[in-house]
Every structure is written in C-alpha cells, then in structure tokens.
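A.B. asks: In full-length UniProt numbering, the protein residues as written are 1 to 633.
Positions of the beta carbon are idealized from the N, C-alpha and C atoms, including for glycine.
Since the structure is predicted, the reported quantities are computational estimates derived from the model, not experimental observations.
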Amino acid sequence: MIINWLAKIDGVLKEKSEYNVDAKRVKIDIINVCLPIHEINFWINRQENLQNIYNQLTTCTHKAVTEILEAINSTYCPPFKKIFEQLIYALKESREISIWLKPLLQQTIQFSSVHFNNAHHLIVPLVHVVHLIWSGAGYYRSTTRMTTLLRCICNFLVCRAQEDLEVANLFNLDADEGLQKISKTLEILELFKLTMTQYKVKYSNNQTILPALTSLAVEVTKDNNNAFPSRQLWHFSDIEVFGPTMDEFLDQLMQLREIFDVANLFLCLEKLEIGGSRGKTLTRMLKKIHSEFKIIFEELTIARLDFGQSVPQMGQQYFSNKSWQLFRREKNVFFQRIRILKKVLVNVLIQAFNGYQNWEQISKLTIMFGNILHGDIISSEFKVILPHIFNIYADELKSIENSINPVLLGFELRGVDAISLLGNLPPIAGALMWIENYIKRCDALHAYEINDLIGLLLKTTPYIKRSVNIKLFLNEHPIPSHVGYNVFVLPSMIEENNENKQEDGFAFNDDGGMNNKMLNIHPSYELFTLLAEINYLLAFRQLCSAEGNTFLNEFPQVLWDFYEERDDLWQRKIKLMKIIHYYNAVQEKISNDGIFKLIACEIDSINNLVAKACQTVTWQNYATNKQSSDVNT
Numbered sequence: 001m002i003i004n005w006l007a008k009i010d011g012v013l014k015e016k017s018e019y020n021v022d023a024k025r026v027k028i029d030i031i032n033v034c035l036p037i038h039e040i041n042f043w044i045n046r047q048e049n050l051q052n053i054y055n056q057l058t059t060c061t062h063k064a065v066t067e068i069l070e071a072i073n074s075t076y077c078p079p080f081k082k083i084f085e086q087l088i089y090a091l092k093e094s095r096e097i098s099i100w101l102k103p104l105l106q107q108t109i110q111f112s113s114v115h116f117n118n119a120h121h122l123i124v125p126l127v128h129v130v131h132l133i134w135s136g137a138g139y140y141r142s143t144t145r146m147t148t149l150l151r152c153i154c155n156f157l158v159c160r161a162q163e164d165l166e167v168a169n170l171f172n173l174d175a176d177e178g179l180q181k182i183s184k185t186l187e188i189l190e191l192f193k194l195t196m197t198q199y200k201v202k203y204s205n206n207q208t209i210l211p212a213l214t215s216l217a218v219e220v221t222k223d224n225n226n227a228f229p230s231r232q233l234w235h236f237s238d239i240e241v242f243g244p245t246m247d248e249f250l251d252q253l254m255q256l257r258e259i260f261d262v263a264n265l266f267l268c269l270e271k272l273e274i275g276g277s278r279g280k281t282l283t284r285m286l287k288k289i290h291s292e293f294k295i296i297f298e299e300l301t302i303a304r305l306d307f308g309q310s311v312p313q314m315g316q317q318y319f320s321n322k323s324w325q326l327f328r329r330e331k332n333v334f335f336q337r338i339r340i341l342k343k344v345l346v347n348v349l350i351q352a353f354n355g356y357q358n359w360e361q362i363s364k365l366t367i368m369f370g371n372i373l374h375g376d377i378i379s380s381e382f383k384v385i386l387p388h389i390f391n392i393y394a395d396e397l398k399s400i401e402n403s404i405n406p407v408l409l410g411f412e413l414r415g416v417d418a419i420s421l422l423g424n425l426p427p428i429a430g431a432l433m434w435i436e437n438y439i440k441r442c443d444a445l446h447a448y449e450i451n452d453l454i455g456l457l458l459k460t461t462p463y464i465k466r467s468v469n470i471k472l473f474l475n476e477h478p479i480p481s482h483v484g485y486n487v488f489v490l491p492s493m494i495e496e497n498n499e500n501k502q503e504d505g506f507a508f509n510d511d512g513g514m515n516n517k518m519l520n521i522h523p524s525y526e527l528f529t530l531l532a533e534i535n536y537l538l539a540f541r542q543l544c545s546a547e548g549n550t551f552l553n554e555f556p557q558v559l560w561d562f563y564e565e566r567d568d569l570w571q572r573k574i575k576l577m578k579i580i581h582y583y584n585a586v587q588e589k590i591s592n593d594g595i596f597k598l599i600a601c602e603i604d605s606i607n608n609l610v611a612k613a614c615q616t617v618t619w620q621n622y623a624t625n626k627q628s629s630d631v632n633t
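This is how it looks when you write it as structure tokens:
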C-alpha cells in the first residue's frame, strides 16, 4: 500500500505543462497546453489535486500509518516523509502560481470581447501582466515556464487574429478592404512583438538576480525538467517564443498582403483617365490591363483554397495543410503573370508622360499614378522618361526666369509700379500676389510627388536646386522688404490721408446756370484704396501665418484703428450716392418742366443749402456736419 501511495503521489508531483506541437510525442507526465487558459487551468487543477492529496494524508488514518512506520523504524518512513515535504512545497508552489496567473485570464477575456483589429489598447496591459508574473511569481520565474506561457499567448493571439480576419473570405472582399484588414492584423501582432522586445530589453539588465534555491527546493525539483537555475534574468529565445506560431503566421499574412497590394494597384486603373493627344487610346489600354488583371485575380480566388482547415488545433502548426502549399504554388504563378502585365503598364505610362508638354500636367499625372509609380512597378525601363521630364523642367524654369527678370529690373527703377497688377488689386497687395504666384510656381517645380519619383529613378535631383535658388532669390529680393516697408509707411499715409478725408464729399458740376448744376461725388480714391490695401494685407498675413511665415506679423495698431472705420466710411459713401442720385433726378425735371418756376424760391433755397454743404461736408465730418443733416432732410 505504501509503495502504491508513493508511486501515485510521485506521478502527480512530476506532472508539468509544456507547449508541444507534436501531441503524439508527449510523455505521460507532461500536460500539453497551447492556450493561456490551458496553462491557467493546469495550475488550478494541480492545486486542487495536491490539496486533495494533502487533505487525505493529514486525516487520522494516514497519521496513524505514519506513526506506525516511525514506531517500527520502517524503511518506508524516510521516503514517505520526503515525498510529504515535496507535496507541501508543490502545493505552496501551485497556490502562488495560480494566484499570479488568474489576472492573465481577464486579459484574454478582454481580447475575446473586442474585434482583433480594435485591440491595440490591450497589447501593453497584456505584456505588463506577463512582466508582473515574472517579477512577482517566484515559483514561476524560469525561462522554460515563461517560454511555455509566452508561446500559449502567441498561439492565442494568432487564433483570435485568424478568427476575426476570416482568411477564407478575404478574397470575397474588395481589394482595399481586404488589404486594410490584413494590415491592421499585422500591425497589432507586430506591436505585441515590439512591446515584448522592449520589456525584454528594459528588464533583462535591471532585473534583480534571484538568490539560490533552498536545499528543499533543489531536492524537490532536481528530477523535474522545469527546474530553473539559481541565478536567472528575464530572458527568452525569440525563436522559441515567436517562431513556431506567430512568425510563421506573420509571414503568411505578409504573403497575402503582397497579393492584395498588387490587386489594390491594378484594380484602381479602372477609375483613371489619361488626357493629352493620345489620352483616349491610352485610357482604353489601361481598361484592358484592368480587365486582364481581374481575370488573373479571379482565377486565384476561384481556386477555393480551404483556409478554414488551418484553424489552430491542439498540437497542430498553422497553415501546414495542403491547401496552403497549393496557395503558395498558385501565388508564384500569379506573380509570374503579373510581371507581364507590369511591363505593359510601364509602356502605357511612358507614352502618357511623353504625351504631356508642361510641368503642371506632368505633376498631375504623377499624383494620379502615385501609388503605382512608387510601388515595385518602377523598373529600369521607366527611366527613359527622365530626359523628357528634365526638358520640361528646364523650359518651365526658363519661362519663370524670363518673366521675373524684366519686372525685377523695372522694380529697381520704378518701384512697385513696375509690377503688373492682377485684377483690381491695390499696389502693395498686387506686388505681394505677384511674388506669391511665382513662389508657388517654384514650389510646383520641386513638389514632393514628382521629385520623389525622380529620386527613385535617378537617386539624385540636380535640377531641383535651381528652382529652390529662384525661390530664395524672390524671398530675399528687395520687393518683399519694400512691401514690408510700405506696411509701416501706411500709418504715415493714413495721417496724410486725413487731409483727403477733409476733401469735399461731393461738389457741383457747373454746366451753366444754377438750375442746371448737377452733383458729383468725390470718391477719394486714395482713401478707399488704402482701405482695400489694408484688407488684402490682413488676408496675406493670415495666409502667411497658416504657412508658418512670420511676414506681416507685426501689424501697426494705427492700421487696425483705421480699418475699424471702414463700415462708417462705406455707409457715408452710400448715403452720398443716394442724395446725389435723388438731387440730380430732381434737377433734370426742373430744367425740363416750366411748372417748377412757381416754386423757384424754394428751389433756390435748397440749391443754396446744397452749395454750402458742398463747401463744408467732408468724409471726416459727414456724421457731425449740420449741412449734411439738412441735405438729408
């Protein structure tokens, strides 16, 4: 009976968990686990089993047996005491490990409650719980046990990713949707690997070295392969942890993403149209390439690869089935056919670029085909467009230089007046707009998209420096400083303009007799031009601030004060225009109708009042002038 007890208890004590992909090779005393819940349940069940054995051995009957063995000095007494001590140690070990592993169960529940693509925020807490287990669970702090736990976690994450990714249905989705799902899944799994590596680097050197195990612990674990060394830092083998499951799954996802990347590029050809003299012909060729690709892609989809058989099971590797091997062969055939289509597409793009003769069209074409041109479709054959691009670049640069040089020369002689104004812009604002337009043309010459393409094809971009130099020349030329100077001269212009505001708001146009006089408004061109100038300068200042330019930031307060009067000045102008229109209409009737002679005295008094108003009413005192009030009346 004693021998039977010792054998059974020893068998329970030697049980351990292990991650083994080959379930057929698992030993009797090894419990195979592949998910965190399996590892947690192993230690919970082990605790319960050991507790039950302990309860049995501490009953009165078993105590009596122990006393009898001691009394007769039996040879079974020392082994019995030794195994009882091992039982107590193993029970204490399982209790502590169970306590530290239970928080991990909550993390796995949270992962199961959300879609895997939305689980970014759960990665760091998960890894931190693993770190707490390592730093707090002294009995679990061994590389072997932690490797088993980490492999279970990797297995769990891959399982969740595959469930929500629905690999079998990926080819039934739109290419961009499938690519997005694959990319997000890869992003989360890579984030887990990165976070684990960061924790490993951070704590492997700072983790306190563990003290040597007690003699009892060494004796208990000397026959156990889970025994951990007396001095242990937090480290693990990336190959052992990530290699069997996660790395293989990531590799297969990247192969899928490669296919969907190509699909996303070729399927977008259906929406693209090329202009120019041969635009319709080239567009039809794009449509044909798109149709041929759809056939190739559908043939890959129709293969009906049964990815559903790849769902991870106990003791199975991921995607090791025949369906995945068939898929790899189909993928190789797929890319062989794609290489032929790429050559045709490159030929179409070369013809499209050669058909455009100005920089703006070339830039738009580069943006339109941006994803394709910056993908792996770039080849040595595409470099033939570089001479054409550089010729257009040189022509555009020469056009800019020929346009600005005469103006800059005239500016040295005549100032801002040498710049041709756009529309009805006032002088200073017109000069700013002129500079801004040419700076934008220089910016277009070194736009990111087309220059990045040139960099891919040529590795260097020597022409770009010339446009940058022209832009710097325009920025450093006296025109901007002259414009800035004018901004600060404007306050003195306002003081001078106060004299303009003393000008009569309106006056008679003397065509003969008093009764034939008509009123004309004095619009004060300088006054309202100054208002328009400030309005445009404020708009330019807002534009410069949005672009991070401090030009015009120091705006004089006197300009603000003057600009606040704009509404009053416009109202005065409108009132004067209404008065003049009404007065001139009445005067015209008086001159054509003799009946008004009966009220000649009243008309003369009104004309005298208007004449006094013409001499006294100005833009500045309009609101307070008595004659203006009488005229309004």
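In angstroms, rounded to a whole number, what distance separates the CA positions of F116 and K184?
C.D. replies: 9 Å
A.B. asks: According to DSSP, which residues form a beta bridge with K16?
C.D. replies: K16 pairs with I30.
A.B. asks: With DSSP as the reference, label P125 as helix, strand or coil.
C.D. replies: Reduced to three states, the DSSP call for P125 is helix.
A.B. asks: Give the straight-line distance between the Cα atoms of E15 and E240, rounded to the nearest whole angstrom.
C.D. replies: For E15 and E240, the distance between alpha carbons rounds to 22 Å.
A.B. asks: Terminal residues of the continuous alpha helix (DSSP H) containing residue 636?
C.D. replies: This structure cannot speak to residue 636, because the chain is shown only from 1 to 633.
A.B. asks: Below 8 Å on the Cβ atoms is my contact criterion, and I expect L179 with R257 to pass it. Report the Cβ-Cβ distance as a whole number of Å.
C.D. replies: 7 Å
A.B. asks: Thinking C-alpha only, which one of A137, Q86 and P78 is nearest L104?
C.D. replies: Of the candidates A137, Q86 and P78, the one whose C-alpha sits nearest the C-alpha of L104 is A137.
A.B. asks: Is D568 helix, strand or coil by DSSP?
C.D. replies: helix
A.B. asks: May I have the straight-line CA-CA distance separating N437 from E412, to the nearest angstrom?
C.D. replies: Distance between the alpha carbons of N437 and E412: 20 Å.
A.B. asks: Would you kindly work out how many angstroms separate the C-alpha atoms of residue 701 and L531, rounded to a whole number?
C.D. replies: The shown model of the chain, from 1 to 633, leaves out residue 701, and the question about it has no answer.
A.B. asks: Taking the alpha helix (DSSP H) that M246 falls in, what are its first and last residues?
C.D. replies: Unbroken run through M246: none, as it is neither H nor E.
A.B. asks: D443 by DSSP, collapsed to three states: which one?
C.D. replies: D443 falls in the helix class under three-state DSSP.
A.B. asks: So, for A119: in the same chain, excluding its five sequence neighbours on each side, which residues have a beta-carbon less than 7 Å away from its beta-carbon?
C.D. replies: Listed in chain order, the non-local C-beta contacts of A119 below 7 Å within the same chain comprise F111 and I188, local neighbours out to five positions each way being set aside.
A.B. asks: With burial defined as no fewer than 16 other Cβ atoms inside 10 Å of the residue's Cβ, what is the status of T281: buried or exposed?
C.D. replies: exposed
A.B. asks: How would you label G430, buried or exposed, when you count the other beta carbons within 10 angstroms and need 16 or more for buried?
C.D. replies: buried
A.B. asks: Leaving out five residues before and five after E533 in sequence, what residues of the same chain have Cβ atoms less than 8 Å from its Cβ?
C.D. replies: P426, P427, I428, A429 and L490
A.B. asks: Going by beta carbon distance, what residues of the same chain come within less than 6 Å of L267, once the five residues before and after it are set aside?
C.D. replies: A175
A.B. asks: Within 10 Å of its beta-carbon, does A539 have 16 or more other beta-carbons around it, so buried, or fewer, so exposed?
C.D. replies: A539 should be labelled exposed.
A.B. asks: For the alpha helix (DSSP H) containing C268, list its first residue and its last residue.
C.D. replies: Per DSSP, C268 belongs to no alpha helix (DSSP H) and is neither H nor E.
A.B. asks: Along the chain, where does the alpha helix (DSSP H) containing R151 start, and where does it finish?
C.D. replies: T143 to L165
A.B. asks: Just confirm the distance between the C-beta atoms of Y139 and E177, as a whole number of angstroms; I'd bet it's less than 8 Å.
C.D. replies: With a Cβ gap of about 48 Å, Y139 and E177 do not count as contacting.
A.B. asks: Where does F353 land, buried or exposed, given buried means 16+ other C-beta within 10 angstroms?
C.D. replies: buried
A.B. asks: In the DSSP assignment, find the unbroken alpha helix (DSSP H) run with R46 in it and report its ends.
C.D. replies: R46 -> alpha helix (DSSP H) spans P36 to L57.
A.B. asks: Judging by CA-CA distance, which residue of S291, Q255 and G276 is the nearest neighbour of E270?
C.D. replies: Of the residues S291, Q255 and G276, the one whose Cα lies closest to the Cα of E270 is S291.
A.B. asks: Is it the case that the CB of I99 approaches a heavy atom of the ligand COA more closely than 7 Å?
C.D. replies: Summarising the ligand content, the structure contains no ligands, and the ligand COA is consequently not present.
A.B. asks: Pull up the distance between the alpha-carbon of residue 634 and that of N52, whole angstroms please.
C.D. replies: Summary: the structure shown does not reach residue 634, with the chain confined to residues 1 through 633, and so no result is reported for it.
A.B. asks: In whole angstroms, give me the CA-to-CA distance for I404 and G275.
C.D. replies: 30 Å
A.B. asks: Tell whether a beta-carbon distance below 8 Å holds between I392 and N371.
C.D. replies: no
A.B. asks: Would you mind stating whether S98 and I44 have Cβ atoms separated by less than 8 Å?
C.D. replies: yes
A.B. asks: Taking the beta carbon of R46 as the centre, do at least 16 other beta carbons fall within 10 Å, making it buried, or is it exposed?
C.D. replies: buried
A.B. asks: In angstroms with no decimal places, state the Cα-to-Cα distance between D10 and F335.
C.D. replies: 59 Å
A.B. asks: M518: which of E360, A611, H446 and E248 sits nearest, CA to CA?
C.D. replies: Per the Cα distances, A611.
A.B. asks: Would you check if the distance between the CB atom of I590 and the CB atom of I603 is smaller than 8 Å?
C.D. replies: yes
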